[in-house]
Amino acid sequence: MHHSSALPPSSLAPDFSLHSTPDQLVRLSDFRGRPVVLAFYPADWSPVCGDQMALYNEMLAEFTEYGAELIGISVDGPWCHTAFSQARKLHFPLLADFEPKGEVARKYGVYRADEGTSERALFVIDGNGRIHWSYVSPIGVNPGADGILKALEDLQQKEETP
Numbered sequence: 092m093h094h095s096s097a098l099p100p101s102s103l104a105p106d107f108s109l110h111s112t113p114d115q116l117v118r119l120s121d122f123r124g125r126p127v128v129l130a131f132y133p134a135d136w137s138p139v140c141g142d143q144m145a146l147y148n149e150m151l152a153e154f155t156e157y158g159a160e161l162i163g164i165s166v167d168g169p170w171c172h173t174a175f176s177q178a179r180k181l182h183f184p185l186l187a188d189f190e191p192k193g194e195v196a197r198k199y200g201v202y203r204a205d206e207g208t209s210e211r212a213l214f215v216i217d218g219n220g221r222i223h224w225s226y227v228s229p230i231g232v233n234p235g236a237d238g239i240l241k242a243l244e245d246l247q248q249k250e251e252t253p
């Protein structure tokens, strides 16, 4: 049985810089001032991951209504992500936590060292770079988007209330 130690709400989200393509880097801190949804997933091309990323792609407009940026992260390399993203027609970045393998997943407490992949973990990060909500799903279960949407709604209400 694997036990995750995902960073809890109110923790500072570790900054990172990862490749979205072989020659393009994305840095978490570039999104300061707006919410970010980090979706860690085990691997491109696995059935559950494919369904999960396709669902998030369909829901991008709803995430955008909250001003949120969606980012997928797995240990696959940038070339693999490019092929997967094109095949699935994804419209959000997939970042390669490839070398050193799983370094960002480790910082977030969601690396599965015994398997060399990350957990199926979700984080909603506020505009100040703090984790507002985190959730680790069983590896074979698509966590859906309800938890993300609720967390984004809570975050928006929190920011509107002085």
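Letter 131 of the sequence shown, counting from 1, is numbered 222 in my numbering, and no numbers are missing.
Glycine included, each C-beta is placed from N, C-alpha and C at the ideal position.
These numbers were taken from a predicted model, which means no experiment stands behind them.
Check                                                                                                          : Outcome
Span of the alpha helix (DSSP H), counted from its first residue to its last, around Ile239                    : 237-251
Residues bridged to Val117 [DSSP beta-bridge criterion]                                                        : Leu109
Sequence ranges, beta strand (DSSP E) only - wholly within the segment 147-202, length at least 3              : 160-165, 185-187
Contact under 8 Å by Cβ, Ala159 with Val127                                                                    : yes
contact_flag[the segment 163-183, the segment 216-228] where n(CB pairs < 8 Å) is 3 or more                    : no
Straight-line gap, Lys198 to Pro253 (C-alpha atoms, nearest Å)                                                 : 32 Å
Beta-carbon gap between Asp188 and Val195 smaller than 8 Å                                                     : yes
Enclosing beta strand (DSSP E) for Ile222 [first to last residue]                                              : 222-228
Endpoints, the beta strand (DSSP E) within which Arg211 is located                                             : 211-216
Limits of the unbroken beta strand (DSSP E) element including Phe131                                           : 127-131
Asn219 classed as buried or exposed, judged by whether at least 16 other C-beta atoms fall within 10 angstroms : exposed
Close beta carbons around Pro169, own chain, < 8 Å, minus the five adjacent residues each side                 : His110, Ser111, Thr112, Pro113, Ala187, Phe189
Nearest residue (CA-CA) to Asp121, options Tyr132, Pro105, Asp135, Phe131                                      : Pro105
C-beta contact flag for Ala97 and Gly231 at 8 Å                                                                : no
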